[in-house]
Amino acid sequence: MDEKFKLIPDIYPTQRDWTTKIIVTEKLAPKIAKQNQSRYQYMILMDLKGNKVQATLYDANINAFEDQLILGKTYLISNATVRDTKHEYRSLVGEKQWTITGRTRIEELPEDNMALIFSTYEFTAFDELEKYMDSNKDISIIALCIDMKPKRLIQTRSGNQTYVQDIIVINKSFQTMMLTMWDSYVDRECVLIAENIANKPVIVASHLKVSSFNGITLSTKTNSNFFINATFNEVAEYKAWADGNIDKLNEIIEEKPYLVLTPSKLSPLEESQFTTIKRVHSLLLGMTQPKHFWIKATASIKVMKQSFWYIACNNCNRVSNANLGETYQCVYCKCSQTKAVPRAKAYVQLEDSTGVLNANVIGEPAEKLLHCSSDTLMQHS
């Protein structure tokens, strides 16, 4: 790096008249602070040695710099406001933070440093996603967008309403994955993807969450970041792969096998990694309750006077009061053309050498346990 340009770690709160060369590697949508309703926007800047810093814009400066500090571009920046990060936040955002103000000088450079940005990514293969289900681990992917569902308005557990939209992505092994976009990502990234979906855009996405809802799926977090059809060499390779397999991709899009909801296809654990039922009971009484356990147990039905099926939305699997076979609008997923279908369920008892545990088994696992389809269960129970 040119000696006249400072590296990010060498810039301190007391310094003046410094200049650094940076790349905008992440840029989030503006948000509104809960405390005072002021607007703020976060971005991550990286120097040419890979050092990063979080920079923030507030209120009027968000609009003032809207056409500058563009994702993926390289700039010279001088005299941003630098402050030390509080100790409790340093593990999240680093030792220092910058604020971009009207006094900050910014000059765009005609340089392409996309390869440097790409070198900072560690992608997670689709086969490895199950390791990170419902954890706090952020993952990054590179994939082809092949389809998308209409956006829908849902009600969150907190009672708020928000828009979500599902994107279907595929990798070079023809494995599909559903990526659920939340809030501002519906208004920005989903719009850009929709404009190019016929051409199957390539996304490079970071800070995604792996969920176990309706199988292994991905979803955005508040700090997720997207490059769409970026000038990465790997993106060009993906586009070339798509062009060479266009017939098979179109066949997948036509048949839409990814719309069939299935439980997570998980790998069996080693014997030592199973949790005993006695241990599960003690964990459930604790302050922090894990969401998933692997249990090796015998399942049996102790209560025969129970219904082994219920009517569900065929889009989100939530219970429905619609008539069987009726097309209706689901109150949960807001899909306007969902269908009321039977879904298997069973109340069972799990038992191992340490104790017993009651459990509800729903959907395909219930069909496997009962050796019956949901249609058969509906007819005979």
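Note that this note's numbering numbers the sequence shown so that position 51 is 38, with each residue one more than the last.
Here a beta-carbon is modelled for each residue, glycine too, at the ideal position from N, C-alpha and C.
For clarity, every value in this text was computed on a predicted model and none was experimentally measured.
Terminal residues of the alpha helix (DSSP H) in which residue i lies
| i | result |
| --- | --- |
| F105 | M101 to F105 |
| R266 | I264 to L271 |
| N48 | A47 to A51 |
| D362 | S361 to H367 |
| E221 | N220 to G231 |
| E94 | Note, E94: premise wrong, no alpha helix (DSSP H); beta strand (DSSP E) at R92 to L96. |
| N183 | E176 to N183 |
Neighbourhood of residue i by C-beta, 7 Å cutoff - its chain only, sequence neighbours within 5 removed
| i | result |
| --- | --- |
| E13 | M30, I31 and N212 |
| W281 | L256, Q260, F261 and T262 |
| M33 | I9, I10, T12 and K39 |
| Q142 | Q148 |
| N210 | L15 and H194 |
| S360 | E354 |
Buried or exposed (CB count within 10 angstroms, at least 16 for buried), residue i
| i | result |
| --- | --- |
| N216 | buried |
| I180 | buried |
| L116 | buried |
| F219 | buried |
| P0 | exposed |
| F161 | exposed |
| V290 | exposed |
| I104 | buried |
| V267 | buried |
| V335 | buried |
| S106 | exposed |
| I190 | buried |
| N99 | The sequence shown places Asp at residue 99, rather than the Asn named in the question. By the neighbour-count rule (16 or more Cβ atoms within 10 Å), D99 is not buried but exposed. |
| A20 | exposed |
| K185 | The sequence given here has Ala at residue 185, not Lys. Exposed: under 16 other Cβ atoms inside 10 Å. |
| P97 | exposed |
| Y76 | exposed |
| N237 | exposed |
| N23 | exposed |
Whether residue i touches residue j by CB criterion (8 Å)
| i | j | result |
| --- | --- | --- |
| F295 | L344 | no |
| Q28 | Q84 | no |
| V173 | Y150 | yes |
| K18 | L140 | no |
| E354 | A284 | no |
| I64 | T111 | no |
| R26 | D46 | yes |
| Y245 | I155 | yes |
| A333 | G350 | no |
| A286 | L356 | yes |
| I133 | I239 | yes |
| H367 | D121 | no |
| K187 | A229 | yes |
| L56 | I93 | yes |
Chain-order list of residues whose beta-carbon lies under 8 Å from that of residue i (same chain, five-residue window excluded)
| i | result |
| --- | --- |
| G312 | K326, A327 and V328 |
| K235 | F161 |
| T91 | I64, S65, N66, A67 and T68 |
| A102 | F219 and N220 |
| T72 | V80, G81, E82, K83 and Q84 |
| T163 | I133, I155, V156, I157, I239, P244 and Y245 |
Host beta strand (DSSP E) of residue i (start-end)
| i | result |
| --- | --- |
| P352 | Unbroken run through P352 is the alpha helix (DSSP H), E351 to L357; no beta strand (DSSP E). |
| V416 | Residue 416 lies beyond the stretch modelled for the chain, which goes from -12 to 368, so this question has no answer here. |
| F280 | Counting along the chain, F280 falls outside any beta strand (DSSP E), and DSSP gives it neither H nor E. |
| N304 | Premise fails: N304 is in no beta strand (DSSP E) and is neither H nor E. |
| L116 | Premise fails: L116 is in no beta strand (DSSP E) and is neither H nor E. |
| I126 | I126 to M135 |
| Q24 | First-last for Q24: undefined, no H or E at that position. |
| M168 | T163 to W169 |
| H74 | Premise fails: H74 is in no beta strand (DSSP E) and is neither H nor E. |
| A192 | V189 to S198 |
Rounded distance between the beta-carbons of residue j and residue i, thought under 8 Å
| i | j | result |
| --- | --- | --- |
| N48 | G89 | 6 Å |
| Y119 | I126 | 6 Å |
| I157 | L195 | 16 Å between Cβ atoms; not a contact. |
| G95 | K60 | Correcting the residue identity first, residue 95 is Glu in this sequence and not Gly. Indeed, because the Cβ distance is near 6 Å, the residues count as touching under 8 Å. |
| M165 | E176 | Going by Cβ atoms, the distance from M165 to E176 rounds to 15 Å, so no, they are not a contact pair. |
| I87 | L44 | 5 Å |
| S199 | S206 | Incorrect: roughly 11 Å between the Cβ atoms, too far for contact. |
Nonlocal neighbours in the same chain, by C-beta distance under 6 Å from residue i, ignoring five residues either side
| i | result |
| --- | --- |
| T341 | T263, I264 and K265 |
| A309 | Y315 and A327 |
| A192 | I128 and F213 |
| W5 | K(-7) and I(-2) |
| A346 | V335 and L337 |
| C300 | S307, C317 and T325 |
| D153 | K136, M165 and T167 |
| D170 | T149 |
| L58 | V11 and K14 |
| K138 | Y150, Q152 and V173 |
Proximity test, residue i beta-carbon vs the ligand MN heavy atom, cut-off 7 Å
| i | result |
| --- | --- |
| I157 | The model on display carries no ligand, and the ligand MN is accordingly not part of it. |
Short CB-CB distance (under 8 Å) between residue i and chain B
| i | result |
| --- | --- |
| R175 | Any reference to chain B falls outside this structure, which holds one protein chain only. |
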